[in-house]
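Sequential numbering from -18 applies to the sequence shown in the working numbering. Structure record follows, encoded as structure tokens.
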Amino acid sequence: MENNEAILGTVTRGAHVLVLAYPLQGHINPILQFAKRLAFKGLKVTILVPSSISHQAPFQQHKHQSFDLEYIRIFDGYEGKPDERDVNAYLRRVKTSISQSLSELLDHFKKNNQKLDPTPKMVIYDSVMPWVLDVVKKGGLEGAPFFTQSCMVNSIYYHVNQGELKIPITGSNLVSLPAIKSLLKVEDLPSFVTSAGLSYPAAVINMLIDQFSNVKEATCLFVNSLDKLEIEVIKWMEIICPVKTIGPCIPYKYLDNLIPDDMDYGLSLFEPETNDCIQWLNARESGSVVYVSMGSIASVKPDQMNEIASAMLNCNRFFLWVVRTSEENKLPLKFKEDTSEKGLIVNWCPQLEVLAHQAIGCFITHCGWNSTLEAVSLGVPMVGFPQSSDQFTNAKCIEDIWGIGVRVKANEDGFVAKEEIEMCIHEVMEGESAKEIRENANKWKQLAVEGRTSANNIQEFVTKLQCST
Ligand code: UDP
């Protein structure tokens, strides 16, 4: 137990689950939100916080009246931000360290059985760490992976895992998969499984494909999605494995306000410039602002950054653009100062608050799954500007399946010209399809807020766990 240390006191509840997060912003947000829901429903929930991010986490500030969460720090191989540049080495070290410290923690729980009321029964872990299930089973607990991607993306990785995905090399560009009714183009697939994947470290690809390596041994699979959004593919997945959709995992304030003091995710690895953003937005007219963000990881090429900057300059609208500190040096010289009348550029913003603001007219997004679900839940039309990973598949859904935005057209090098960006902004804000896009966005927003199946799935899971204790 050397490396694990409880940082908050304990609470006593009906059944106890441990929730293990993966240390990336887009992975932490939804699993923490799910943990809050379980705690609100009456489970005792302990979040296992990887040591590489635990120093950044202002946990103690997030006391809620409606539920309690306990936090335990778990050693992931790093104290503070990892300095490792070799991704393969980083992933290996995370696996070895978490496996060992989790195993020690479970032993510790077992030894202190009588002091803990109730003892942990299950570990819910991020699906990109499937090896956690082995440790959990050895410790005599049940395990359930939490998937932070859409069901459509999960099903694609599943087919790859089963050796069932055939990418056409010549001729038709279309891919047909048993789980998905519509045909997908190669450019709609996650970049890890196409030829673009060759440029990624093998360990990253394996990490995604391996998510399905042992799901048959898991109690169930939680997916941060909404059944109505992906009804066909979810039905298909349900035949293969016990999938439970429990999303959208965003704070209740932005859904049905069931827990009014649940206003943010609760763990930000970046410092949001909240006051500057909100004051600036308050001074803008309804639906007038273009919000641009590429999420927490994407690194945009310098010439592409230049092109986005030109589009912002030319589109003659107000814009709020998140450019992370690590990306700032790619902005054209003095761009921030020269455009200060029209735009606000920040290193990080409170995205949910921004998307919920009446001044926002559209969201130019890299289509990360959280950003996509947040925009769906808040009814914001999108310009999909996918960069890598599952973002291409999400962009396909945004444009073609849900009809809540358009997707930029890139040339064969993935470059998107400024005229194309401007055209897409125009299209979603006031073009021919703008009205239909807004209507669809409102429709999906209602369904997300309602989230009936997700609420039922959560309730069913909690009741079952409590009854079996
Ligand atoms: N986000 C934020 N402020 C920003 C940009 C992003 O709070 O300025 C949050 C956003 O709300 C989302 C997460 O960071 O919950 C990004 O996750 P996503 O899956 O969209 O993309 P990733 O960062 O994993 O590529």
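Where a beta carbon is used, it is the ideal one built from N, C-alpha and C, also for glycine.
Beta-ladder partner(s) of Y272, from DSSP:
In the DSSP output, where bridge partners are listed per residue, Y272 has L301, F344.
H140 vs L164 beta-carbon contact at 8 angstroms:
Contact flag unset, no.
With 16 other Cβ atoms within 10 Å as the buried cut-off, status of S370:
Its Cβ being crowded by 16 or more others within 10 Å, S370 is buried.
State the Cα-Cα distance for the pair V109 and E322, rounded to the nearest angstrom.
Taking the straight line joining both Cα atoms gives about 43 angstroms.
Buried or exposed (CB count within 10 angstroms, at least 16 for buried), E393
Exposure of E393 is indicated by the presence of fewer than 16 other C-beta atoms within 10 angstroms of its C-beta.
Of all the options C201, N195, W329, D57, which has the alpha carbon lying nearest to the alpha carbon of S249?
It is W329 whose Cα lies nearest to the Cα of S249.
Whole-angstrom distance between L(-1) and Y52, CA atom to CA atom:
In this model, Y52 and L(-1) are separated by some 9 angstroms (Cα to Cα).
Quick check on the DSSP output: what are the complete beta strand (DSSP E) runs of length 3 or more inside the segment 34 to 90, in order along the chain?
Fully enclosed beta strand (DSSP E) runs of 3 or longer: 51 to 55.
What is the C-beta distance between F128 and V185, in whole angstroms, given that I count them as a contact (C-beta under 8 angstroms)?
With a Cβ gap of about 16 angstroms, F128 and V185 do not count as contacting.
Over the uninterrupted beta strand (DSSP E) stretch that includes F128, give me the two end residues.
Run containing F128: 123 to 128, per the beta strand (DSSP E) assignment.
Does the ligand UDP have even one heavy atom less than 7 angstroms from the beta-carbon of I278?
Yes - the ligand UDP has a heavy atom lying nearer than 7 angstroms to the Cβ of I278.
Assuming contact is defined by CB atoms lying nearer than 8 angstroms, are A16 and L446 in contact in what I supplied?
Cβ atoms of A16 and L446: not closer than 8 angstroms.
Between N135 and the ligand UDP, is there a pair consisting of the residue's CB and a ligand heavy atom that are separated by less than 7 angstroms?
Incorrect: N135 has no Cβ contact closer than 7 angstroms to the ligand UDP.
Per the contact definition of three or more C-beta pairs closer than 8 angstroms, is the segment 248 to 264 in contact with the segment 294 to 311?
In short, these stretches touch, since the Cβ pair count reaches three.
Taking only heavy atoms of the ligand UDP into account, decide whether any of them is closer than 7 angstroms to the Cβ of V109.
For the ligand UDP, not one heavy atom lies less than 7 angstroms from the Cβ of V109.
Taking all protein chains shown into account, decide if Q41 is buried (16 or more other Cβ within 10 angstroms of its Cβ) or exposed.
Interpretation of Q41 is limited by its pLDDT of 48, a score under 50 that renders its predicted location unreliable; the figure taken from the coordinates is listed afterwards. By the 10 Å Cβ count, Q41 comes out exposed.
Please give me, in chain order, every unbroken run of the alpha helix (DSSP H) with length at least 4 that falls completely inside the segment 145 to 185.
As far as the segment 145 to 185 is concerned, it has no whole alpha helix (DSSP H) run of at least 4 residues.
Applying the criterion that 16 or more other CB atoms from any shown protein chain within 10 Å of the CB defines a buried residue, is S280 buried or exposed?
Sixteen is the threshold: since fewer than 16 other Cβ atoms of the shown chains lie within 10 Å of the Cβ of S280, the residue is exposed.
CA-CA distance, A20 and L189?
Looking at the two C-alpha atoms, the distance is approximately 28 angstroms.
Beta-carbon within less than 7 angstroms of I418's beta-carbon, same chain only, minus the 5 sequence neighbours each way: which residues are those?
So the list reads P362, G384, I385, G386, V409, once near-sequence residues are dropped.
Using only the heavy atoms of the ligand UDP, determine whether one of them is closer than 7 angstroms to the beta carbon of W261.
No - the ligand UDP has no heavy atom lying nearer than 7 angstroms to the Cβ of W261.
I think L24 touches L1, with their Cβ atoms under 8 angstroms apart; what is that distance to the nearest whole Å?
Not confirmed; about 15 angstroms, so no contact.
Using beta-carbon positions only, say whether Q14 and Y235 come within less than 8 angstroms of one another.
Taking 8 angstroms as the Cβ cut-off, Q14 and Y235 do not qualify as a contacting pair.
Within 10 angstroms of its Cβ, does L179 collect 16 or more other Cβ (buried), or is it exposed?
Under a 10 Å Cβ-count criterion, L179 is classified as exposed, with fewer than 16 other Cβ atoms of the shown protein chains found around its own Cβ.
Distance, Cα to Cα, S269 vs E219?
Rounded to whole angstroms, the separation of the alpha carbons of E219 and S269 is 42 angstroms.
Sort out for me which residues DSSP pairs H(-3) with in a bridge.
For H(-3), which the question treats as bridged, DSSP gives the partners K25, P101.
Answer yes if the segment 189 to 199 comes into contact with the segment 395 to 402, meaning at least three C-beta pairs across the two stretches below 8 angstroms, and no otherwise.
Touching, no, given that fewer than three Cβ pairs across the two stretches are closer than 8 angstroms.
C-alpha distance - E431 paired with I231, whole-angstrom precision
Between E431 and I231, the C-alpha separation is close to 13 angstroms.
Rounded Cβ spacing between I79 and I55 (contact assumed at less than 8 angstroms):
About 6 angstroms separates the beta carbon of I79 from that of I55, a gap short enough to meet the 8 angstroms contact definition.
What span of residues does the alpha helix (DSSP H) with V336 cover, start to end?
Val is not the amino acid found at residue 336; the sequence shown has Leu there. Looking at the DSSP string, the run of the alpha helix (DSSP H) that includes L336 is 332 to 336.
Which residues in the same chain have their Cβ closer than 8 angstroms to the Cβ of K309, if we skip the five residues on either side of it in sequence?
In the sequence under discussion, the amino acid at residue 309 is Glu, which differs from the Lys named in the question. Cβ neighbours of E309 beyond the five flanking positions: N328.
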